[in-house]
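Chemist: Take a look at this one; I'll ask things after.
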Amino acid sequence: MTNDTLSRSFSQTKGSKVAQPEWSASEYEEGNEGQFQAAFNAMESIDAWNTSDKGYAADIGCGSGRLVEALARHGGWKVDAKDVSQSMIDAVIKRCEGLPVTASVCDARDLSLDKNKYALVSSCWMLHWLENTTNTLEQMVNALIPSGNLVLQWSCGQPRSEGFLLRDTLQEVFDRPKWAERLKSAPLAMYHHPIEEMSSLLESMGLEIVSTRENILISGGENIAGLKRSLRSAAFAAQTVVLGDDVDELIDESLHLLNERNALHISNTEIIARKPD
1 MTNDTLSRSF
11 SQTKGSKVAQ
21 PEWSASEYEE
31 GNEGQFQAAF
41 NAMESIDAWN
51 TSDKGYAADI
61 GCGSGRLVEA
71 LARHGGWKVD
81 AKDVSQSMID
91 AVIKRCEGLP
101 VTASVCDARD
111 LSLDKNKYAL
121 VSSCWMLHWL
131 ENTTNTLEQM
141 VNALIPSGNL
151 VLQWSCGQPR
161 SEGFLLRDTL
171 QEVFDRPKWA
181 ERLKSAPLAM
191 YHHPIEEMSS
201 LLESMGLEIV
211 STRENILISG
221 GENIAGLKRS
231 LRSAAFAAQT
241 VVLGDDVDEL
251 IDESLHLLNE
261 RNALHISNTE
271 IIARKPD
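Under my numbering, the letters of the sequence shown match residues 1 to 277, in that order.
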């Protein structure tokens, strides 16, 4: 374990007295290759690397900055990067030194972007951590220039009718006596945003839906070791900060119950939308 993983940097949760552990960039780097590739592919689908209509881009929930770096270095974009974790932002600043990148700490729930500034706004693998996405999406939509693209990727985008067995099963594990007290500062925070509801919301805000994808396969979970590494770096990131290496036991218990109930359905989802000219 690295020092920044063991150090508990806490940020206050809006409207709550529960302090949330800050995600560690070093842990995230070790297990997010699949998520980065999925985001990279989405950018490729809108020709973000070759388009002549470059300008400003914003990446919300930027993590350790791999996509930000690619957009700036290979795509020629001027990028504003935002993440709730200071550890992540420090990693972005280091990774993107000398590139046209501005990085700042920002809770996506309190997102504020300049209107009509960006030709591209992206948020990859972050929205499922937000209980309510409306303000965040409004800020993203209003920040787009005409013909600008919005790229969203998130987990737990299954239809509302399918329920949320994944979260309900995980919560049962988190509530076990051996974990409940230790996880008070890192409760399960995972929310269900069905793709059809998100599409309708974006359309009501004036965007055109360009494409949607459901059940996106994210590489990295093909074997048990890879799956645990991915979970530790993302889905269990806050719990990793609090529990240290004991998080592996929490993950083992969670996977056992999820498999037993056939509840390990992540429903990775993507929407690409465009602001009309």
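Every residue gets a Cβ at the ideal spot worked out from N, C-alpha and C, and that includes glycine.
If the criterion is Cβ atoms closer than 7 Å, does the pair Cys62 and Asp90 meet it?
Modeler: As a first step, residue 62 is located in the sequence shown; it is residue number 62 there, counting from the start. As a first step, residue 90 is located in the sequence shown; it is residue number 90 there, counting from the start. For Cys62 and Asp90, no; Cβs fall outside 7 Å.
Chemist: Could you tell me the distance, in whole angstroms, from the CA atom of Ser161 to the CA atom of Leu201?
Modeler: For the purposes of this step, residue 161 is identified with residue 161 of the sequence shown, where counting begins at 1. For the purposes of this step, residue 201 is identified with residue 201 of the sequence shown, where counting begins at 1. In a straight line, the C-alpha of Ser161 is about 18 Å away from that of Leu201.
Chemist: Classify Ala108 as buried or exposed, calling it buried when 16 or more other Cβ atoms lie within 10 Å of its own Cβ.
Modeler: Residue numbering aside, residue 108 sits at position 108 when the sequence shown is read from its first letter. Flag for Ala108 reads buried.
Chemist: Look at the alpha carbon of Asn3 and the alpha carbon of Ala25, and state the distance between them as a whole number of angstroms.
Modeler: As a first step, residue 3 is located in the sequence shown; it is residue number 3 there, counting from the start. As a first step, residue 25 is located in the sequence shown; it is residue number 25 there, counting from the start. Unreliable positioning characterises Asn3 in this predicted model, as indicated by a pLDDT of 32, which lies under 50. The coordinate reading is nonetheless provided below. Using only the alpha carbons, I get a separation of about 11 Å.
Chemist: If I measure Cβ to Cβ from Glu172 and keep anything under 8 Å in the same chain, skipping five residues before and after, which residues do I get?
Modeler: Along the sequence shown, one-based indexing puts residue 172 at 172. Hits under 8 Å: Leu257.
Chemist: Just reading off the beta strand (DSSP E) that Gln158 is part of, what are its end residues?
Modeler: The count along the sequence shown starts at 1 and reaches residue 158 at position 158. Careful: Gln158 lies outside any beta strand (DSSP E) and carries neither H nor E.
Chemist: Only counting the same chain, and skipping five residues up and downstream in sequence, which positions put a Cβ closer than 6 Å to that of Cys124?
Modeler: As a first step, residue 124 is located in the sequence shown; it is residue number 124 there, counting from the start. Closer than 6 Å at Cβ, skipping near neighbours: Ala39, Gln153.
Chemist: Can you tell me where the beta strand (DSSP E) with Trp154 in it begins and where it stops?
Modeler: Locating residue 154 in the sequence shown gives position 154, where the first residue counts as 1. Per DSSP, Trp154 belongs to the beta strand (DSSP E) from 144-154.
Chemist: Considering Ser104, what are the terminal residues of the beta strand (DSSP E) in which it resides?
Modeler: Indexing the sequence shown from 1 puts residue 104 at position 104. Per DSSP, Ser104 belongs to the beta strand (DSSP E) from 101-105.
Chemist: As a quick exercise: from Tyr191, Ser211, Ser147, Arg232, pick the residue whose alpha carbon is nearest that of Lys29.
Modeler: Here residue 29 refers to the residue found at position 29 when the sequence shown is read from its first residue. Rather than Lys, the amino acid found at residue 29 in this sequence is Glu. When each option's Cα is compared against that of Glu29, the closest is Arg232.
Chemist: When DSSP labels each residue in this structure, what does Asn268 get in the three-state scheme?
Modeler: Here residue 268 is taken as the residue at index 268 of the sequence shown, counted from 1. Coil.
Chemist: Taking 7 Å as the cut-off, decide whether the C-beta atoms of Ala81 and Leu165 are in contact.
Modeler: For the purposes of this step, residue 81 is identified with residue 81 of the sequence shown, where counting begins at 1. For the purposes of this step, residue 165 is identified with residue 165 of the sequence shown, where counting begins at 1. Not a contact, by the Cβ cut-off of 7 Å.
Chemist: Going by DSSP, what residue range makes up the alpha helix (DSSP H) through Ala42?
Modeler: Reading the sequence shown from its first residue, position 42 is the one you call residue 42. 33-45 is the extent of the alpha helix (DSSP H) around Ala42.
Chemist: Indicate the three-state DSSP secondary structure (helix, strand or coil) for Lys78 in the structure shown.
Modeler: Here residue 78 is taken as the residue at index 78 of the sequence shown, counted from 1. Lys78 falls in the strand class under three-state DSSP.
Chemist: Pull the bridge partners of Val121 from the DSSP assignment, please.
Modeler: For the purposes of this step, residue 121 is identified with residue 121 of the sequence shown, where counting begins at 1. Partner(s): Ala58, Leu150.
Chemist: Return the CA-CA distance between Thr13 and Thr136, expressed in angstroms with no decimal places.
Modeler: Walking along the sequence shown from the start, residue 13 turns up at place 13. Walking along the sequence shown from the start, residue 136 turns up at place 136. Per-residue confidence for Thr13 stands at a pLDDT of 35, beneath the threshold of 50, marking its modelled position as unreliable; the derived number appears in the next sentence. Those two C-alpha atoms are separated by around 16 Å.
Chemist: For Ser211, name the three-state secondary structure that DSSP assigns.
Modeler: By one-based count along the sequence shown, residue 211 stands at place 211. Ser211: strand per DSSP, three-state reduction.
Chemist: Let me confirm a value: Asn310 is counted as buried when at least 16 other C-beta atoms fall within 10 Å, else exposed. Which label applies?
Modeler: Absent from the structure is residue 310, since the part of the chain shown begins at 1 and ends at 277.
Chemist: Whole angstroms is fine: what's the gap from Leu144's alpha carbon to Ile216's?
Modeler: The residue labelled residue 144 in the question sits at position 144 within the sequence shown. The residue labelled residue 216 in the question sits at position 216 within the sequence shown. Approximately 26 Å, taken between the alpha carbons.
Chemist: For the ligand MG, I want to know if Leu137 counts as a neighbour, meaning its beta carbon is within less than 6 Å of at least one of the ligand's heavy atoms.
Modeler: With respect to the ligand MG, the structure offers nothing, as it holds no ligand at all.
Chemist: According to DSSP, which residues form a beta bridge with Asp83?
Modeler: Position 83 of the sequence shown, counted from the first residue, corresponds to residue 83. Answer by DSSP bridge pairing, in chain order: Val105.
Chemist: If you draw a straight line from the alpha carbon of Val241 to that of Ser64, how long is it in whole angstroms?
Modeler: For this step, residue 241 is matched to residue 241 along the sequence shown. For this step, residue 64 is matched to residue 64 along the sequence shown. Going by the C-alpha atoms only, they are around 16 Å apart.
Chemist: How is the alpha helix (DSSP H) around Ile224 delimited, first residue to last?
Modeler: Position 224 of the sequence shown holds residue 224. Looking at the DSSP string, the run of the alpha helix (DSSP H) that includes Ile224 is 224-233.
Chemist: For a test of the three-state rule: what should DSSP assign to Ala70, helix, strand or coil?
Modeler: Mapped onto the sequence shown, residue 70 falls at position 70. Reduced to three states, the DSSP call for Ala70 is helix.
Chemist: Secondary structure at Arg274, three-state DSSP: helix, strand or coil?
Modeler: Counted from its first residue, the sequence shown places residue 274 at position 274. It is a strand residue.
Chemist: How many whole angstroms separate the CB atoms of Ser85 and Asp277, which I take to be in contact at a CB cut-off of 8 Å?
Modeler: As a working mapping, residue 85 is identified with position 85 in the sequence shown. As a working mapping, residue 277 is identified with position 277 in the sequence shown. That pair is no contact at about 36 Å.
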